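Chemist:
Printed below as a string of structure tokens:
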């Protein structure tokens, strides 16, 4: 990272004000008339992502990950939506090997005014096969998972748990299973929310990195369960 880009690795009120105005003027004519404001907001976003990538490269394999690969487009896909507003109400990026399309469990950040910004990661919309792997891990070896998500530092930083939960027990598991609460989860996504004041702090990118460090053991465990090739046991 150059000294110039490092000095811009922070958000200003300009970005939050632009996003707030966009919510109230979500149409193409207004957006194109205010394109320079969006470009400035995106430049700030790129600076923050660059700083996060740089700092996270100390503990994540991100050497070939470019800033542009991490940032989500602000345009909404409205082809199958009743809501025809053309733009999102947030700026967002995902950090993982290769960026937002890593195909693995990564770190997701959303910047949205009104104290709605957050960092989150975890199991979200898993395939049936991956959900089965998660439940098998909970059934046979829940200790490692609980050591991570029940640690004091983790719970203090990520008090909010998001995701769909079954009302009944999943097939093959008894209702009185000691880990039934985890087994009923179809998604397990942890969130830390930031106030607008926190987002505007000069060290916000470093705060995101701190949150990602806390999330890393959980992401690593899920990536191992879902994507690593397991050695088949040798039978004699």
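Numbering (this note's numbering), first residue to last: 1116 to 1351.
All C-beta atoms, glycine included, are put in the ideal place defined by N, C-alpha and C.
These figures come from a predicted structure and were not determined experimentally.
Who are the Cβ neighbours of residue 1252 in its own chain at under 6 Å, not counting the five residues just before and after it?
Modeler: 1340
Chemist: Which term fits residue 1232, buried or exposed, when burial requires 16 or more other beta carbons within 10 angstroms of its beta carbon?
Modeler: buried
Chemist: Please report the distance separating the alpha-carbon of residue 1212 from that of residue 1254.
Modeler: 30 Å
Chemist: Alpha carbon to alpha carbon, how far is residue 1285 from residue 1326? Give it in angstroms, no decimals.
Modeler: Approximately 32 Å, taken between the alpha carbons.
Chemist: So is residue 1189 buried or exposed if we call it buried at 16+ other beta carbons inside 10 Å?
Modeler: buried
Chemist: Have a look at 1290, 1338, 1330 and 1316 and flag the residue whose alpha-carbon is nearest the alpha-carbon of residue 1307.
Modeler: 1330
Chemist: Can the beta-carbon of residue 1290 be found less than 8 Å from the beta-carbon of residue 1167?
Modeler: At least 8 Å separates the beta-carbon of residue 1290 from that of residue 1167.
Chemist: Indicate whether at least one CB of chain D lies closer than 8 Å to the CB of residue 1181.
Modeler: Considering every chain present, this structure includes no chain D. It has just one protein chain.
Chemist: In three-state DSSP terms, what is residue 1353?
Modeler: Only positions 1116 to 1351 of the chain appear in this structure, which leaves residue 1353 out of reach.
Chemist: What does the alpha-carbon distance come out to for the pair residue 1198 and residue 1180?
Modeler: 33 Å
Chemist: Would residue 1133 pass as a contact of residue 1153 if the rule is Cβ separation under 8 Å?
Modeler: yes
Chemist: In the structure shown, what three-state DSSP assignment does residue 1305 receive?
Modeler: strand
Chemist: Is there contact here, the segment 1260-1272 with the segment 1311-1319, by at least three beta-carbon pairs under 8 Å?
Modeler: no
Chemist: Using C-beta distances below 7 Å, list every residue in its chain close to residue 1120, excluding the 5 sequence neighbours before and after it, in chain order.
Modeler: Interpretation of residue 1120 is limited by its pLDDT of 45, a score under 50 that renders its predicted location unreliable; the figure taken from the coordinates is listed afterwards. Around residue 1120: 1162 and 1165.
Chemist: Tell me which residues share the same chain as residue 1124 and place their Cβ nearer than 7 Å to its Cβ, disregarding the 5 neighbours each side in the sequence.
Modeler: Closer than 7 Å at the Cβ level, and outside the excluded window around residue 1124, lie 1162, 1163, 1165, 1166 and 1320.
Chemist: For residue 1209, report the span of its alpha helix (DSSP H) as first-last.
Modeler: Note, residue 1209: premise wrong, no alpha helix (DSSP H); beta strand (DSSP E) at 1206-1210.
Chemist: Just the Cα atoms here: how many angstroms apart are residue 1245 and residue 1158?
Modeler: 37 Å
Chemist: Can you give the Cα-Cα distance for residue 1282 and residue 1302, rounded to whole angstroms?
Modeler: In this structure, the alpha-carbon of residue 1282 lies about 13 Å from that of residue 1302.
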